[in-house]
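K.L.:
Numbering (this note's numbering), first residue to last: 1409 to 1715.
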């Protein structure tokens, strides 16, 4: 049994398709099929049920994949530990990040990290919260910037900052006019019960926060439009299509042609907790540890609202 055969089996299990797996592994599909057949013959069990459209794990295959993932993780951790012990002046950390949140926070973190550790390479993977949790759980990232709550039980995390949530409304909205006329009372959540909401699509962590905040206030948001991009949502709010919630740091960036009006929400002000997540039991390399420390130090002056 070869290490590469374990990697091949894991990729097939992830893709449920030989063609896609071979493409991801950068090998020819016949070679992949041959290696899997060789592995199954050696083990004396069938790992995958093949048919014309899909590839499914057998009972033996499910057990094999679970153990193979542990072996691959152990090999990678051993490499990291040996690199740390030898005190190499180089390293690499693979960081996952929520796309929009990362676009506002990482420009502060990455330059600081590069200045302090110019020898360490950072590989950035941007995706939705749901996909990032899966990538982190499978060891595809060393660390990932996410927001609570996490749904993947195999992850552990370290908080890096709490971020308040603002309300975004169209410039001509009655709440915006009230504020402009000198009434600076924070907006009560109950005032939004009958407002049309524009929200992120499923798979985005902040979508759940929006629904949870409304639920705690005693109503369900009346969703009139969904988007994968919170910048698009803010632009649509600015044109009068509805209202939304926006993480404070994203709101204060205020860029783009169409800008909504951002209003404070009343106590208790909704917030989200940003975390650096990793797989439980995964060895934290010196490079990854340095990145976490730099992130936390930088966020002290970035995540929190202006005082």
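All residues carry an ideal CB built from backbone N, CA and C; glycine is no exception.
Excluding five sequence neighbours on each side, which residues of the same chain lie with their C-beta closer than 6 Å to the C-beta of residue 1704?
P.N.:
Same-chain partners within the cutoff: 1568.
K.L.:
Can you pull the DSSP bridge partners for residue 1604?
P.N.:
Per DSSP, 1630.
K.L.:
Out of curiosity, what's the CA-to-CA distance linking residue 1500 and residue 1436?
P.N.:
Spanning the two alpha carbons is a distance of roughly 29 Å.
K.L.:
Helix, strand or coil: how does DSSP classify residue 1617 here?
P.N.:
Residue state, collapsed to three classes: helix.
K.L.:
If we ignore side chains and look at the alpha-carbon of each, how far apart do residue 1656 and residue 1572 end up?
P.N.:
Between residue 1656 and residue 1572, the C-alpha separation is close to 5 Å.
K.L.:
Is residue 1536 closer than 7 Å to residue 1612 when the C-beta atoms are compared?
P.N.:
Contact: yes.
K.L.:
If contacts are defined as beta-carbon pairs under 8 Å, then residue 1460 and residue 1424 qualify, I think. What distance do you get, rounded to the angstrom?
P.N.:
Going by Cβ atoms, the distance from residue 1460 to residue 1424 rounds to 13 Å, so no, they are not a contact pair.
K.L.:
Give the secondary structure of residue 1666 by DSSP, where H, G and I count as helix, E and B as strand, and everything else as coil.
P.N.:
Note: residue 1666 maps to coil in three-state DSSP.
K.L.:
Beta-carbon separation of residue 1645 and residue 1668 under 7 Å?
P.N.:
Yes, Cβ-Cβ distance for residue 1645 and residue 1668 is below 7 Å.
K.L.:
Is the region 1436–1455 in contact with the region 1512–1528, if contact means three or more CB pairs nearer than 8 Å?
P.N.:
No, because fewer than three Cβ pairs between the region 1436–1455 and the region 1512–1528 fall closer than 8 Å, the two stretches do not touch.
K.L.:
Hey, residue 1540 and residue 1554 are a contact pair by Cβ (cut 8 Å); roughly how many whole angstroms apart?
P.N.:
Contact flag correct, Cβ pair sits at about 6 Å.
K.L.:
Looking only at its chain, what residues have a beta carbon closer than 8 Å to the beta carbon of residue 1454, apart from the 5 residues adjacent to it on each side?
P.N.:
1448, 1466, 1468, 1469.
K.L.:
Just to confirm, are residue 1674 and residue 1596 a CB contact at a threshold of 7 Å?
P.N.:
The answer is yes: Cβ separation under 7 Å.
K.L.:
Taking only three categories from DSSP, how would you classify residue 1534?
P.N.:
The answer is strand: DSSP assigns residue 1534 an E or B state.
K.L.:
Check for me: the alpha helix (DSSP H) holding residue 1547 runs from which residue to which?
P.N.:
From DSSP, residue 1547 is part of no alpha helix (DSSP H); its letter is neither H nor E.
K.L.:
Looking only at its chain, what residues have a beta carbon closer than 6 Å to the beta carbon of residue 1525, apart from the 5 residues adjacent to it on each side?
P.N.:
Excluding positions up to five away in sequence, the list reads 1698.
K.L.:
Under 7 Å between the Cβ atoms of residue 1609 and residue 1637?
P.N.:
No, the Cβ-Cβ distance between residue 1609 and residue 1637 is not below 7 Å.
K.L.:
If contact is defined by three or more beta carbon pairs under 8 Å, each pair taking one atom from either stretch, is the region 1474–1487 in contact with the region 1670–1685?
P.N.:
At 8 Å Cβ cutoff, the stretches do not touch.
K.L.:
Thinking just about the alpha-carbon of each residue, which of 1484, 1485, 1602, 1416 is nearest to the one in residue 1472?
P.N.:
It is 1416 whose Cα lies nearest to the Cα of residue 1472.
K.L.:
Taking just the CA atoms, how far does residue 1689 sit from residue 1629?
P.N.:
Cα to Cα, the separation comes out at about 39 Å.
K.L.:
Report the three-state DSSP secondary structure of residue 1506 (helix, strand or coil).
P.N.:
In this structure, residue 1506 counts as strand in the three-state DSSP scheme.
K.L.:
Please report the residue range of the beta strand (DSSP E) in which residue 1677 lies.
P.N.:
Counting along the chain, residue 1677 falls outside any beta strand (DSSP E), and DSSP gives it neither H nor E.
K.L.:
What's the C-alpha gap between residue 1642 and residue 1487?
P.N.:
Distance between the alpha carbons of residue 1642 and residue 1487: 45 Å.
K.L.:
From the DSSP output, read off the bridge partner residues of residue 1682.
P.N.:
Beta-bridge pairing links residue 1682 to 1555, 1569.
K.L.:
When you compare the CB positions of residue 1648 and residue 1578, do they come within less than 7 Å of one another, or not?
P.N.:
Yes, these two residues count as a Cβ contact at 7 Å.
K.L.:
Give me, in chain order, the residues of the same chain whose beta-carbon lies closer than 8 Å to that of residue 1419; leave out the 5 immediate sequence neighbours on both sides.
P.N.:
Excluding sequence neighbours, residue 1419 sits near 1429, 1432, 1433.
K.L.:
Nearest-angstrom Cα distance between residue 1533 and residue 1548?
P.N.:
Taking the straight line from one Cα to the other gives about 9 Å.
K.L.:
Considering just the uninterrupted stretch of the beta strand (DSSP E) at residue 1652, what are its terminal residues?
P.N.:
Residues 1652–1655.
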